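Take a look at the structure below.
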Amino acid sequence: MRMKHTPLDLTGSLRAKSSSLFAVSGANGDIDNRANNAYGIYFHDTRFLERWTLRLDGQPLSALLSTVDGSRVVCELTNPDIQLRSGDVLYQHRIGVRRELSLGVEAVETVEVSNFHLHPLVATLDFDFAASFENMFVIRGDRAGKRGKLHPPTWQGQSLRFEYDGADGSRRTTVLRFSPPPTSHQDGSVSFRLNLRRNQRVSIRVSAHFREEAEGDLERTPQLASADLLRGVSVQTDNALFDRTLQQSFDDLRMLVTREHGDVYFAAGVPWFVALFGRDSLITSLQMLAFDPTIAATTLDLLAKYQGTRIDDYRDEQPGKIMHELRLGEMPNLGEVPQTPYYGTVDATPLFVVLMAEYVRWTGDLALWRRLRPNVERALEWIDTYGDSDGDGFVDYETHSTKGGRNQGWKDSSNGIVNSDGSPAEPPIGLVEVQGYVYRAKLDAAWLMRCDGDHHLAAELDKQAQALQRRFREVFWMRERRYLALGLQKGGRLIESINSNPGQALWSGIASMAHARAVTSILMADPMFTGWGIRTLADTEAAYNPIDYQVGSVWPHDNALIAAGFKRYGRDREALRVFSSMFDSAARFPDFRLPEVFAGFSRERYPVPVQYPVACSPQAWSAATLPYLLVTVLGLNADATHGVLEVNRPHLPEWLGEVTLAGLCVGETRLSLSFRRTEEATLVALHDRRGTVDLRITY
1 MRMKHTPLDL TGSLRAKSSS LFAVSGANGD IDNRANNAYG IYFHDTRFLE RWTLRLDGQP
61 LSALLSTVDG SRVVCELTNP DIQLRSGDVL YQHRIGVRRE LSLGVEAVET VEVSNFHLHP
121 LVATLDFDFA ASFENMFVIR GDRAGKRGKL HPPTWQGQSL RFEYDGADGS RRTTVLRFSP
181 PPTSHQDGSV SFRLNLRRNQ RVSIRVSAHF REEAEGDLER TPQLASADLL RGVSVQTDNA
241 LFDRTLQQSF DDLRMLVTRE HGDVYFAAGV PWFVALFGRD SLITSLQMLA FDPTIAATTL
301 DLLAKYQGTR IDDYRDEQPG KIMHELRLGE MPNLGEVPQT PYYGTVDATP LFVVLMAEYV
361 RWTGDLALWR RLRPNVERAL EWIDTYGDSD GDGFVDYETH STKGGRNQGW KDSSNGIVNS
421 DGSPAEPPIG LVEVQGYVYR AKLDAAWLMR CDGDHHLAAE LDKQAQALQR RFREVFWMRE
481 RRYLALGLQK GGRLIESINS NPGQALWSGI ASMAHARAVT SILMADPMFT GWGIRTLADT
541 EAAYNPIDYQ VGSVWPHDNA LIAAGFKRYG RDREALRVFS SMFDSAARFP DFRLPEVFAG
601 FSRERYPVPV QYPVACSPQA WSAATLPYLL VTVLGLNADA THGVLEVNRP HLPEWLGEVT
661 LAGLCVGETR LSLSFRRTEE ATLVALHDRR GTVDLRITY
């Protein structure tokens, strides 16, 4: 996702989320945008609190421990040497302070102060609060637009109130309540007088309620997401560290589930992308189908609701096109940014069709397909008309919006699509993986039509897919470099840089077997493979930069789709190597969590993967990477409409000897399977089957 240059640094920050409410703080639990402008408590793309700090007699406390568990942050603090206001010196480690922030329909912090000193503690616990209700676009570096009226903080009884009347006609309010009542307060400063005996403990509770009210509209407050999502399938292995990383993936995905007025979807990532993104939500839903297809269904419904209906250049909207990004808050409401929603994505539309088919294969839910068939048909119409702007038979993009992104594939940074000499590719640009998505979408649509008995249309779609495949193999192959081109650019010229995109083309099956072998060999060679994963751009290319967003960095979701492409073409060993590199990386990141992106330095250079300082973590499609890779190497493919679960060439890496999947759901059938690696093969055993699905195993 595109992000403007910003000095923000998320290294060491704590991030918690509950549905559309999320918080970013420092390691001691302090939220202070003066220390780091990313810090805050956010709701609907607006920072409702930019300051929430804690001091003892005006002095900051030191963090001993910080943990995050989804919607909860816990910090254990103590004092450095402090000269109290009384003039006495409180030597270090005499006081213990536990801060616990919990997010739900509101934010609640409980602060426990314990006196471990031999003498009584007489001091003041000071809180400081501030709010200016800035939009996320401003925080990320955009110029502020029209502003409304920010009221000074006011006190009503024992409640502190911040209020902003936006230029969009919405009133945004933060109300803080305290228990017990504070000893004193002034503006946004709140103090509690402490007088603690040795080993005495006192507890203070602060709750923050956030509200957004539009003229003539119902008020909006944070909502709770469904707690039972992603709990249907249990995974157990003989590797405790892998179990821990996999559990973190599921925990992060539950954290990223967002509910808005009955709509449920995966937000893309914390903190920059807590929003609905077409591409991200579709790919994450695809990755998680074997574990919980519920969110795939709600995602398809939601994206169908926002499907393009007209030509609107400001939003890059066209009839039938699936949206890219939907934002809330003052700037979108005023039309100062096009994300209302913005449609600047070339790949979400074919991926919408692919997810529809894969969802039906896993669930057998033909009712959803029949209800959304008109949306699928409009998506196919967009592919055939607006998708190909220059009439060369390949889907491409060129931005029309004055505030849109230059690039509209998954590598959507301004410098993400480059020629071998480092120059930017010229639009219109037809990306290699997008042709694969379209090819797969045509085949999947044909399969869906056959499910409806529409064999004539199915045959026509198959014919279109085959024609695209033939043309693709002729045009995109670079004979001198023995590799697939990144894409086509203005004038039909090839974009000849060596990069990761052709790996995702393998995921679709559009490439020939010979081309797939060549692509696999290059992707797994040193210029591309770091040992921690496959780079976005080879280190031999002119534009290579291991610490840039998409020209040399490593993206976990990219690796997951590439590994699935390897598996499709029988390159099981290479798929296992990618799986191992992603697990090794996750095991070395804080909290055993794969971030959105990390630096592309080689494993030979550093014994740990190098962080990218402004990466979202957690990020939805990164969190889904390890679960999807597990399904990939086990070779699981479902067709609930025919009552079949295929296990095709199952393999386990050398660090994983046994895996048990319990409660795997195909249609109405639940199965429990175990996999055991031996010297000859990875063996499969069926332990439980409740239903009629047939298990077919190919070794």
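Residue 699 is where the sequence shown ends in the UniProt record's numbering, and the numbering goes up by one at each step. Idealized CB from N, CA, C, for every residue including glycine. Since this is a predicted model, take the numbers as computed values, not measurements.
Query raised in the report: Using the beta-carbon count (16 or more within 10 Å), is His44 buried or exposed?
Result: Counting from 1 along the sequence shown, the entry for residue 44 is found at position 44. It is buried - the Cβ of His44 has at least 16 other Cβ atoms within 10 Å.
Query - Cutoff 6 Å; reference Leu695; Cβ partners in own chain excluding five residues on either side - result: Your numbering for residue 695 matches position 695 in the sequence shown. The residues are Leu645 and Leu686.
Report task. Measure the alpha-carbon distance for Arg577 versus Thr237 and round it to whole angstroms. Result -> Indexing the sequence shown from 1 puts residue 577 at position 577. Indexing the sequence shown from 1 puts residue 237 at position 237. Between Arg577 and Thr237, the C-alpha separation is close to 18 Å.
Query raised in the report: Just reading off the alpha helix (DSSP H) that Thr67 is part of, what are its end residues?
Result: Residue numbering aside, residue 67 sits at position 67 when the sequence shown is read from its first letter. Careful: Thr67 lies outside any alpha helix (DSSP H), inside the beta strand (DSSP E) at Ser62 to Asp69.
Query raised in the report: Quick one: Cα of Tyr549 to Cα of Ala445, how far?
Result: Here residue 549 corresponds to residue number 549 of the sequence shown, with the count starting at 1. Here residue 445 corresponds to residue number 445 of the sequence shown, with the count starting at 1. Rounded to the nearest angstrom, the two C-alpha atoms are 34 Å apart.
Query - Proximal residues to Leu355 (C-beta, below 7 Å), its chain only, five neighbours per side dropped - result: Your numbering for residue 355 matches position 355 in the sequence shown. Excluding sequence neighbours, Leu355 sits near Leu282, Ser285, Leu286, Ala296 and Leu300.
Query raised in the report: So the beta strand (DSSP E) Val354 belongs to, where does it begin and stop?
Result: Reading the sequence shown from its first residue, position 354 is the one you call residue 354. From DSSP, Val354 is part of no beta strand (DSSP E) but of the alpha helix (DSSP H) over Ala348 to Thr363.
Query raised in the report: Do you know whose CA, among Pro338, Gly453, Val684 and Val666, lies nearest Ser674's CA?
Result: Here residue 674 refers to the residue found at position 674 when the sequence shown is read from its first residue. Comparing Cα positions, the closest option is Val684.
Report task. Pick out whichever of Gly436, Leu90, Asn37 and Val270 has its Cα sitting closest to the Cα of Leu561. Result -> Counted from its first residue, the sequence shown places residue 561 at position 561. Nearest of Gly436, Leu90, Asn37 and Val270 to Leu561, Cα basis: Gly436.
Query raised in the report: If we ignore side chains and look at the alpha-carbon of each, how far apart do Ile139 and Leu634 end up?
Result: For this step, residue 139 is matched to residue 139 along the sequence shown. For this step, residue 634 is matched to residue 634 along the sequence shown. When rounded, the distance between both Cα atoms is 43 Å.
Query raised in the report: Using the rule of at least 16 other Cβ atoms within 10 Å of the residue's Cβ for burial, across every protein chain shown, is Met255 buried or exposed?
Result: On the sequence shown, position 255 is the one that residue 255 refers to. The residue is buried, with at least 16 neighbouring Cβ atoms inside 10 Å.
Query - Boundaries (first-last residue) of the beta strand (DSSP E) holding Ile522 - result: Residue mapping note: residue 522 aligns to position 522 of the sequence shown, counting from 1. From DSSP, Ile522 is part of no beta strand (DSSP E) but of the alpha helix (DSSP H) over Met513 to Leu523.
Query - Buried versus exposed call for Lys4 [16 or more other C-beta atoms within 10 Å across all chains shown] - result: Against the sequence shown, residue 4 aligns to sequence position 4. Interpretation of Lys4 is limited by its pLDDT of 46, a score under 50 that renders its predicted location unreliable; no figure is taken from the coordinates.
**Report entry** Separation of Gly96 from Gln248, as counted between CA atoms
**Finding:** In the sequence shown, residue 248 corresponds to position 248, counting from 1. In the sequence shown, residue 96 corresponds to position 96, counting from 1. Looking at the two C-alpha atoms, the distance is approximately 29 Å.
Query - Continuous beta strand (DSSP E) assignments of at least 3 residues falling wholly in the stretch 38 to 108 - result: 40 to 43, 46 to 49, 51 to 56, 62 to 69, 72 to 78 and 95 to 103
Report task. Express the C-alpha separation of Gly657 and Ser580 in angstroms, rounding to a whole number. Result -> In the sequence shown, counting from the first residue as 1, residue 580 sits at position 580. In the sequence shown, counting from the first residue as 1, residue 657 sits at position 657. Roughly 13 Å between the two C-alpha positions.
Query - Spatially closest choice to Gln611 from Tyr569, Trp555, Asp572 and Arg568, by CA coordinates - result: By one-based count along the sequence shown, residue 611 stands at place 611. For Gln611, the nearest C-alpha among the options comes from Trp555.
Query raised in the report: Nearest CA to the CA of Leu64: which residue from Val551, Val74, Val346 and Tyr306?
Result: Position 64 of the sequence shown, counted from the start, is the residue given in the question as residue 64. For the residues Val551, Val74, Val346 and Tyr306, the minimum Cα distance to Leu64 belongs to Val74.
Query - Glu474, enclosing alpha helix (DSSP H) - first and last residue - result: Here residue 474 refers to the residue found at position 474 when the sequence shown is read from its first residue. That run of the alpha helix (DSSP H) goes His455 to Val475.
Query raised in the report: For Met1, does the count of other Cβ atoms within 10 angstroms reach 16, so buried, or fall short, so exposed?
Result: Along the sequence shown, one-based indexing puts residue 1 at 1. Low confidence applies to Met1: its pLDDT is 46, below 50, so where it sits in the model is not reliable, and the reading given next is rough at best. Its Cβ being crowded by 16 or more others within 10 Å, Met1 is buried.
Report task. Grab me the residues of Gln464's own chain with a C-beta within less than 6 Å of its C-beta, minus the 5 sequence neighbours each way, in chain order. Result -> For this step, residue 464 is matched to residue 464 along the sequence shown. The answer, listed in chain order, is Lys442.
Query - For Ser170: DSSP bridge partner residues - result: Locating residue 170 in the sequence shown gives position 170, counting from the first residue. Answer by DSSP bridge pairing, in chain order: Ala214.
Query raised in the report: Rounded C-beta distance between Phe178 and Gln200? I'm assuming under 8 Å.
Result: Along the sequence shown, read from residue 1 onward, the residue named residue 178 stands at position 178. Along the sequence shown, read from residue 1 onward, the residue named residue 200 stands at position 200. Actually they are not in contact, since the Cβ atoms of Phe178 and Gln200 sit about 20 Å apart, beyond 8 Å.
Query raised in the report: Mapping DSSP to helix, strand and coil, what is Ala685?
Result: As a working note, residue 685 is residue 685 in the sequence shown. Ala685 falls in the strand class under three-state DSSP.
Report task. Kindly indicate which three-state DSSP category Met3 falls into: helix, strand or coil? Result -> The residue labelled residue 3 in the question sits at position 3 within the sequence shown. Note that Met3 scores a pLDDT of 45, beneath 50, so its modelled location is shaky; the value from the coordinates is reported in the next line. Of the three classes helix, strand and coil, the one that applies to Met3 here is coil, per DSSP.
Requested in this report: Alpha carbon to alpha carbon, how far is Asn37 from Thr6? Give it in angstroms, no decimals.
Outcome: The residue you call residue 6 lines up with position 6 of the sequence shown. The residue you call residue 37 lines up with position 37 of the sequence shown. Note that Thr6 scores a pLDDT of 42, beneath 50, so its modelled location is shaky and nothing firm can be said.
Query raised in the report: In the DSSP assignment, what residue or residues form a beta bridge with Ser207?
Result: Here residue 207 is taken as the residue at index 207 of the sequence shown, counted from 1. Paired residue(s): Val108 and Arg177.
Query raised in the report: How many angstroms separate the CA atom of Asn33 from the CA atom of Glu50?
Result: For the purposes of this step, residue 33 is taken as residue 33 along the sequence shown, with counting starting at 1. For the purposes of this step, residue 50 is taken as residue 50 along the sequence shown, with counting starting at 1. Spanning the two alpha carbons is a distance of roughly 6 Å.
Requested in this report: Hey, could you find the ends of the beta strand (DSSP E) Val644 is sitting in?
Outcome: Indexing the sequence shown from 1 puts residue 644 at position 644. Val644 -> beta strand (DSSP E) spans Val644 to Asn648.
Query raised in the report: Who pairs with Cys665 in a beta bridge, going by DSSP?
Result: Here residue 665 refers to the residue found at position 665 of the sequence shown. Partner(s): Arg670.
Query - Exposure of Asp452, with buried meaning 16 or more beta-carbon neighbours within 10 Å - result: What you label residue 452 is simply residue 452 of the sequence shown in a count that begins at 1. Label assigned to Asp452: exposed.
Query - Entirely enclosed alpha helix (DSSP H) segments - the stretch 571 to 611, minimum 4 residues - result: 572 to 588
Report task. Give, in chain order, every unbroken run of the alpha helix (DSSP H) that is at least 4 residues long and sits entirely within the stretch 528 to 553. Result -> none
Query raised in the report: Between the stretch 394 to 412 and the stretch 356 to 365, do three or more beta carbon pairs fall short of 8 Å?
Result: no
Query - C-alpha distance - Asp187 paired with Phe162, whole-angstrom precision - result: Counting from one through the sequence shown, the residue named residue 187 turns up at place 187. Counting from one through the sequence shown, the residue named residue 162 turns up at place 162. Computed Cα separation, rounded: 10 Å.
Query raised in the report: Hey, would you say Ala538 sits closer than 8 Å to Pro527, going by beta carbons?
Result: Start at 1 with the first residue of the sequence shown, and residue 538 comes out as number 538. Start at 1 with the first residue of the sequence shown, and residue 527 comes out as number 527. It is a contact, given that the beta carbons lie within the stated cut-off.
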